[in-house]
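Asker: Note that our numbering has the sequence shown beginning at 539, numbered continuously upward.
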Amino acid sequence: MEKTTLVQFIRNQEKLADGATGNFTSLMNEILVAAKFVSLEVNGAGIGESIFGLTGKVNVHDEEVQKLDELADNTFCKLVGQSGTVCAITSEELEDPIIIPKEKAGKYIFMMDPLDGSSNIDVDVSIGTIFSIYRKKSPGDEVTQEDLLQKASEQVAAGYIIYGPSTLFIYTSGKGVHGFTLDPTLGEFFLSHPDIKIPERGSWYSINEGNMETWDINQRRYVEYLKEKDPETHRPYKLRYIGSLVADFHRTLLKGGIFMYPGDTKNPAGKLRFLFEAAPLAFVVANAGGAASDGVQAILDQIPTAVHCKTPLFIGSKKEIELAESMLKK
Ligand code: AHM
Ligand code: MG
539 MEKTTLVQFI RNQEKLADGA TGNFTSLMNE ILVAAKFVSL EVNGAGIGES
589 IFGLTGKVNV HDEEVQKLDE LADNTFCKLV GQSGTVCAIT SEELEDPIII
639 PKEKAGKYIF MMDPLDGSSN IDVDVSIGTI FSIYRKKSPG DEVTQEDLLQ
689 KASEQVAAGY IIYGPSTLFI YTSGKGVHGF TLDPTLGEFF LSHPDIKIPE
739 RGSWYSINEG NMETWDINQR RYVEYLKEKD PETHRPYKLR YIGSLVADFH
789 RTLLKGGIFM YPGDTKNPAG KLRFLFEAAP LAFVVANAGG AASDGVQAIL
839 DQIPTAVHCK TPLFIGSKKE IELAESMLKK
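So, in structure tokens, the structure goes:
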């Protein structure tokens, strides 16, 4: 038996860390158990008692809540919340943070988009969970804004789980980006993508071009540029857009290129959430040698202004982000 499980891998990595107490390993364990539950539900959606469809509720972002959104949110909140390792949980689906009573609280803060791309559930397209972990910063027991709104570069770990043809768990704790595939027969994640590095360039672009009329002139010119023919600069680029950030990001991470969700006239800050989508994927891509920006400034250098605030996002290969930034400035 030579395969490395996710649990073994995390334990070995934490052994190497200074002052490790085992709390981080315990937290990661709960995340992976929740991931297995959600994976099972997603794969079984449509069989037996239907968990397809809407709950009839609308979340804090004015989006319709799917039954699977709610199920994923509840599963992660319950398992992570009871782990004794976190003092607060924030979620794209929850207006207010969950604050864990101090007798059961730990030193970490857990943030998540429990089911990203959930509008794709009914059409059997890959969806995912995005997560991010910070350390409590403020002294004392109370969880403050200083704890919930930290600079993105202060993440302790971040990652995502894709519920696709196979279920993958990708994460970084600042020591490379590693991917694990769920063996459904054993119910165990095994190391399948050690030390992922994103190609420095890539001629794939990913954006909802249906929004073009609402973009500013530089955004339009940049996308037009990518579509021009010039073999020397590998243009035209190929367009890929799934509409599930986790899936679009994962392809970009493995193959290179750029994913974008810019601001537009309707939504100057775009659609994606800083803490639940942009910051964790920025931490992942940076640890794989790539970059993420809001078009002007690196995402990792920014402090969010509110738990649910949004940001334009340009993420992918380092050279592609540099090119995008230079063209968006013109
Ligand atoms: P969600 O987290 O509510 O599912 O919304 C975010 C999703 C992303 O997965 C995806 O990149 C984007 O919304 C797609 O938006 P659009 O349909 O505007 O292209
Ligand atoms: Mg999302």
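The C-beta atom is built at its ideal place from N, Cα and C for all residues, glycine as well.
Going by the C-beta, is residue 606 closer than 7 Å to any heavy atom of ligand 2?
Answerer: Here the question's residue 606 lines up with position 68 in the sequence shown. No - ligand 2 has no heavy atom lying nearer than 7 Å to the Cβ of residue 606.
Asker: Under the criterion of a Cβ to heavy atom distance below 7 Å, does residue 651 qualify as lining ligand 2?
Answerer: Here residue 651 refers to the residue found at position 113 when the sequence shown is read from its first residue. Checking the Cβ of residue 651 against ligand 2 gives yes.
Asker: For residue 783, is the beta carbon positioned less than 7 Å from some heavy atom of ligand 1?
Answerer: Mapped onto the sequence shown, residue 783 falls at position 245. Yes; taking the cut-off as 7 Å, the Cβ of residue 783 has a heavy atom of ligand 1 nearer than that.
Asker: Here's the rule I'm using: 16 or more other beta-carbon atoms within 10 Å means buried, otherwise exposed. How should residue 688 be labelled?
Answerer: In the sequence shown, the residue the question calls residue 688 occupies position 150. When all chains shown are included, residue 688 counts as buried.
Asker: Below 8 Å on the Cβ atoms is my guess for residue 623 versus residue 686; work out the distance and round it to an integer in Å.
Answerer: Numbered from its first residue, the sequence shown carries residue 623 at position 85. Numbered from its first residue, the sequence shown carries residue 686 at position 148. Not really, about 17 Å apart at Cβ, beyond 8 Å.
Asker: Report the three-state DSSP secondary structure of residue 771 (helix, strand or coil).
Answerer: Counted from its first residue, the sequence shown places residue 771 at position 233. Helix.
Asker: So, using beta-carbon positions, are residue 701 and residue 744 closer together than 8 Å?
Answerer: Here residue 701 refers to the residue found at position 163 of the sequence shown. Here residue 744 refers to the residue found at position 206 of the sequence shown. In this structure, residue 744 does not lie closer than 8 Å to residue 701 by Cβ.
Asker: Check whether the Cβ of residue 633 sits closer than 7 Å to any heavy atom of ligand 1, and report yes or no.
Answerer: In the sequence shown, counting from the first residue as 1, residue 633 sits at position 95. Flag unset: Cβ of residue 633 not near ligand 1.
Asker: Identify the continuous beta strand (DSSP E) that holds residue 716 and give its terminal residues.
Answerer: Counted from its first residue, the sequence shown places residue 716 at position 178. 715-721 is the extent of the beta strand (DSSP E) around residue 716.
Asker: Is it true that the segment 810-823 meets the segment 834-844, where meeting means three or more beta-carbon pairs spaced less than 8 Å apart?
Answerer: At 8 Å Cβ cutoff, the stretches touch.
Asker: Between residue 662 and ligand 1, is there a pair consisting of the residue's CB and a ligand heavy atom that are separated by less than 7 Å?
Answerer: Here residue 662 refers to the residue found at position 124 of the sequence shown. No.
Asker: Are residue 822 and residue 854 closer than 8 Å when you measure CB to CB?
Answerer: Your numbering for residue 822 matches position 284 in the sequence shown. Your numbering for residue 854 matches position 316 in the sequence shown. Against a cut-off of 8 Å, the Cβ pair of residue 854 and residue 822 comes out as no contact.
Asker: CB-CB under 7 Å to residue 619, same chain, minus the five flanking residues each way: which ones, in chain order?
Answerer: The residue labelled residue 619 in the question sits at position 81 within the sequence shown. Only 627, 636, 638 meet the Cβ criterion.
Asker: Which residue wins for smallest C-alpha separation from residue 734, given the options 714, 753, 726, 649?
Answerer: As a first step, residue 734 must be located in the sequence shown, where it is residue number 196. Nearest option by C-alpha distance: 714.
Asker: Cβ-heavy atom distance between residue 746 and ligand 1 below 7 Å?
Answerer: Numbered from 1 along the sequence shown, position 208 holds the residue referred to as residue 746. For ligand 1, at least one heavy atom lies less than 7 Å from the Cβ of residue 746.
Asker: Out of curiosity, what's the CA-to-CA distance linking residue 602 and residue 704?
Answerer: Taking the sequence shown and counting its residues from 1, one reaches residue 602 at position 64. Taking the sequence shown and counting its residues from 1, one reaches residue 704 at position 166. Rounded to the nearest angstrom, the two C-alpha atoms are 27 Å apart.
Asker: In or out: residue 834 buried (at least 16 other Cβ within 10 Å) or exposed?
Answerer: The sequence position of residue 834 within the sequence shown is 296, counting from 1. Under this definition residue 834 is an exposed residue.
Asker: I believe residue 783 touches residue 775 by the beta-carbon criterion, under 8 Å. Please report the beta-carbon distance rounded to the nearest angstrom.
Answerer: As a first step, residue 783 must be located in the sequence shown, where it is residue number 245. As a first step, residue 775 must be located in the sequence shown, where it is residue number 237. With a Cβ gap of about 19 Å, residue 783 and residue 775 do not count as contacting.
Asker: Following a CB-centred definition, is residue 751 positioned closer than 7 Å to any heavy atom of ligand 1?
Answerer: If you number the sequence shown from 1, residue 751 lands on position 213. Residue 751: no, Cβ never under 7 Å from ligand 1.
Asker: Report the three-state DSSP secondary structure of residue 654 (helix, strand or coil).
Answerer: Taking the sequence shown and counting its residues from 1, one reaches residue 654 at position 116. Residue 654 falls in the strand class under three-state DSSP.
Asker: What residue range is occupied by the uninterrupted alpha helix (DSSP H) comprising residue 864?
Answerer: Here the question's residue 864 lines up with position 326 in the sequence shown. From DSSP, the alpha helix (DSSP H) with residue 864 extends over 856-867.
Asker: DSSP three-state call for residue 666: helix, strand or coil?
Answerer: Sequence index remark: in the sequence shown, residue 666 carries index 128 (1-based). It is a strand residue.
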